[in-house]
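Following: one structure in structure tokens, then a few remarks.
Residue numbers (my numbering), protein chains in the order written: chain A, 2 to 366; chain B, 2 to 366.
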């Protein structure tokens with residue numbers, strides 16, 4: 002096996018493998034299948050950082066008994082259109098979809114539903130949840146806080162996660178608009194890639210441990226921090242910091258989870274925060290019944306129009322013009338559903354390691 | 002009067018003047034007072050771009066009969082926690098606060114309230130609305146779409162407004178966290194200031210009419226466009242574009258207002274869009290009852306803790322460390338409530354012009 006070569010796997014094969022791994026740890030079959038679907042959907046949509054590349058981390062956490070394989074979700078507080086759910090320290094990949102269902106049920110009954118979740122863990126890629134809402138013809142919304150990686154503007158310390166925001170709007174004949182974005186300037190994975198390739202990174206992605214701007218990706222590993230979207234004061238770095246704070250408070254503080262620098266780590270190798278101010282990490286899900294605002298068919302017709310108008314924007318030089326949010330992921334999904342999911346050797350090696358440890362067969366074809 | 006000198010006015014004096022101007026156009030006394038409060042609150046909080054500096058534009062629009070002075074707000078569609086309001090082409094400064102009240106009433110009854118508004122006009126600074134929610138001990142949320150100024154990433158054309166997002170969270174002993182941000186890289190006012198001072202602007206604020214990056218602010222006037230938060234692909238410009246799109250769709254499409262490049266202009270001198278796809282511009286208000294999620298006192302205690310933890314972040318070199326969102330505006334309000342609101346000569350001249358045209362006395366002290 003060559004380090005740079007790509008190995009292709011059918012989505013269904015990876016889904017079955019992940020399901021078996023989760024079942025191995027005592028997770029029920031339906032829950033295991035759900036969790037596997039969240040992971041593999043991410044790979045299908047070419048969001049590799051949140052797909053099976055993370056399976057070994059879930060494996061480690063489950064093996065170490067840090068995650069409850071059979072969580073009993075509880076609504077601990079509720080009003081008609083809102084609720085807080087305790088995830089019983091389950092896999093976020095299971096807690097997330099179930100809490101999102103509660104938000105969607107509330108939306109169908111009361112026009113909108115908003116569910117904060119505490120005592121949960123990493124929930125995969127945020128875009129999965131609004132995609133669930135689209136299947137029920139709702140507008141869906143999802144956010145989560147996460148382990149500290151990002152410094153607030155003018156800070157020299159990791160204080161916030163990359164705290165993503167995802168939202169999706171259904172079209173009529175056009176594919177939906179799916180927005181899914183971290184509130185940091187860049188995904189952590191891009192810093193890792195530069196490090197592996199021994200390349201410099203653009204100014205504005207990270208600061209070193211002293212809080213100074215740097216283009217050396219190694220400075221991130223050596224105690225540095227990512228910068229929020231906008232990066233600098235003059236370019237709106239306070240806005241990215243504001244958005245990350247909003248996500249942190251709606252997910253963490255409102256649910257009674259840990260917030261800010263106290264969000265527990267996702268991986269075993271990461272340090273345990275010095276304080277605990279709540280339970281687990283936090284998510285926040287929203288669902289909106291379009292019919293509560295406007296005739297649904299009319300809304301979708303207008304979304305189609307919106308998409309066509311924005312697609313025909315005059316392109317900037319050297320580009321093909323603006324994309325519609327969700328276009329690249331949907332195009333990747335169409336290709337990968339047919340041709341398979343390409344994985345790099347280090348990821349394949351991790352899956353083989355899990356196979357050896359669990360006895361669940363995994364074959365490189 | 003010197004062009005660079007500042008003239009100071011008590012907030013109450015400006016509020017009375019604005020109220021009288023609105024009454025002059027047939028707006029009822031209570032509505033006029035409300036609209037004046039939105040404008041002057043903006044100046045008190047040092048958001049000068051959205052304060053009395055805009056009064057002449059409202060004056061022009063009212064004088065031209067382009068705004069309905071006595072709007073009859075109607076809920077045109079509704080479910081328990083959501084509604085769409087038709088603003089009857091009223092001043093956004095009146096329609097906005099009233100629609101926001103509906104969202105807050107729903108939050109108190111059903112846990113949350115979400116109101117989209119169509120057939121409305123510019124609503125002042127977005128932060129006003131979450132500040133209203135804080136007075137009722139709710140989490141408040143506000144967005145609006147607006148006249149096109151911003152190009153989508155990879156676009157060479159104005160397609161979106163600066164589409165702000167505002168949200169506020171109450172503390173117990175600490176002042177609230179108030180996030181209020183445009184989704185463009187920078188406020189339009191900063192480009193105007195550079196133009197007036199004959200200074201260059203940083204790369205990443207605007208593109209020229211050909212879609213090329215430029216540091217000459219005159220290129221904005223000559224048919225250029227602002228860039229979304231993040232500015233470039235590599236720095237997350239697609240995220241700012243995604244956020245601006247989200248605001249545009251929730252405010253414009255969901256309410257049945259005009260969206261994207263078709264949002265009608267706020268000022269007489271701006272071009273009328275080639276198409277109309279709805280009524281007026283659109284807002285979106287949200288209110289959340291904290292008690293529906295968590296004990297309110299516990300939430301506020303945690304917010305105090307959050308504020309203190311973030312305030313004590315290790316500072317980046319050459320800074321005093323991160324601010325808490327809302328700090329600068331609140332500090333300005335404390336000073337300006339005592340010492341008065343400083344206005345530059347061009348703004349004072351506009352108020353004097355309104356005074357001459359309406360016969361309402363305005364004196365520079």
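Beta carbons are placed, not taken as given, at the ideal position from N, Cα and C, and that holds for glycine.
Nearest neighbour of residue i, chosen from the options [CA to CA]
i	options	result
residue 302 of chain A	A:174, A:136, A:220, A:250	A:174
residue 50 of chain A	A:98, A:292, A:167, A:193	A:193
residue 72 of chain A	A:81, A:315, A:305, A:86	A:86
residue 153 of chain B	B:300, B:238, B:211	B:238
residue 183 of chain B	A:79, A:241, A:329	A:241
residue 339 of chain B	B:46, B:26, B:18, B:209	B:46
residue 258 of chain A	B:17, B:249, B:299	B:299
residue 354 of chain A	A:110, A:61, A:34	A:61
residue 318 of chain B	A:210, A:244, A:324, A:313	A:210
residue 98 of chain A	A:65, A:133, A:78	A:133
residue 21 of chain B	B:324, B:366, B:218, B:359	B:359
residue 92 of chain B	B:352, B:321, B:268, B:160	B:268
residue 351 of chain B	B:67, B:59, B:366	B:59
residue 273 of chain B	B:16, B:147, B:170	B:147
residue 279 of chain B	B:23, B:34, B:90, B:8	B:90
residue 356 of chain B	B:6, B:9, B:25	B:25
residue 286 of chain B	B:188, B:296, B:249	B:249
8 Å Cβ cutoff, residue i in contact with chain A
i	result
residue 56 of chain B	no
residue 50 of chain B	no
residue 216 of chain B	no
residue 39 of chain B	no
residue 141 of chain B	no
residue 205 of chain B	yes
residue 11 of chain B	no
residue 323 of chain B	yes
Chain A contact residues for residue i, given Cβ-Cβ distances below 7 Å
i	result
residue 1 of chain B	No information on residue 1 of chain B is available, as it lies outside the stretch 2 to 366 that chain B covers here.
residue 320 of chain B	155
residue 160 of chain B	311, 314
residue 208 of chain B	317
residue 117 of chain B	294
Within chain A, partners of residue i - CB distance below 8 Å
i	result
residue 290 of chain B	80, 83
residue 300 of chain B	254, 255
residue 177 of chain B	Those within 8 Å of residue 177 of chain B in chain A number zero; the least Cβ separation is about 11 Å.
Whole-angstrom C-beta distance between residue j and residue i, which should lie under 8 Å
i	j	result
residue 284 of chain A	residue 252 of chain A	5 Å
residue 162 of chain B	residue 264 of chain B	6 Å
residue 114 of chain A	residue 39 of chain A	No, residue 114 of chain A and residue 39 of chain A are not in contact; Cβ-Cβ is about 20 Å, not under 8 Å.
residue 131 of chain A	residue 168 of chain A	6 Å
residue 281 of chain A	residue 122 of chain A	6 Å
residue 233 of chain B	residue 205 of chain B	6 Å
residue 262 of chain B	residue 208 of chain A	38 Å between Cβ atoms; not a contact.
residue 176 of chain A	residue 331 of chain A	6 Å
residue 94 of chain A	residue 36 of chain A	4 Å
residue 111 of chain B	residue 82 of chain B	4 Å
residue 1 of chain B	residue 105 of chain B	No answer is possible for residue 1 of chain B: the residues shown for chain B start at 2 and end at 366.
Residue i: contacting residues in chain B (beta-carbon distance under 7 Å)
i	result
residue 111 of chain A	80, 81, 82, 111
residue 243 of chain A	180, 182, 326
residue 376 of chain A	In the structure as shown, chain A starts at 2 and stops at 366, and residue 376 of chain A therefore has no counterpart that could be examined.
Cutoff 8 Å: residue i Cβ touching any chain B Cβ
i	result
residue 337 of chain A	no
residue 311 of chain A	yes
residue 221 of chain A	no
residue 293 of chain A	yes
residue 261 of chain A	yes
residue 343 of chain A	no
Chain B residues whose Cβ lies nearer than 9 Å to that of residue i
i	result
residue 213 of chain A	317, 318
Interface residues of chain B facing residue i [CB-CB closer than 8 Å]
i	result
residue 170 of chain A	250, 254
residue 306 of chain A	278
residue 133 of chain A	Within 8 Å Cβ-Cβ: nothing; residue 133 of chain A doesn't reach chain B, min ~18 Å.
(Q) Along the region 223-240 of chain B, where does the CB come closer than 8 Å to a CB of chain A? Name the residues. (A) 230, 231, 232, 235, 236, 237, 239, 240
Q) According to a CB-to-CB cut-off of less than 8 Å, which residues of the region 62-80 of chain A neighbour chain B? A) 78, 79, 80
Q) If contact means a Cβ-Cβ distance below 7 Å, which residues of the region 266-285 of chain A contact chain B? A) Residues of the region 266-285 of chain A with a C-beta less than 7 Å from any C-beta of chain B: 278, listed in chain order.
**Q.** Residues, ordered as in the chain, of the region 182-194 of chain A that lie near chain B by beta-carbon distance below 7 Å
**A.** So the list reads 182, 186, 187, given in the order they occur along the chain.
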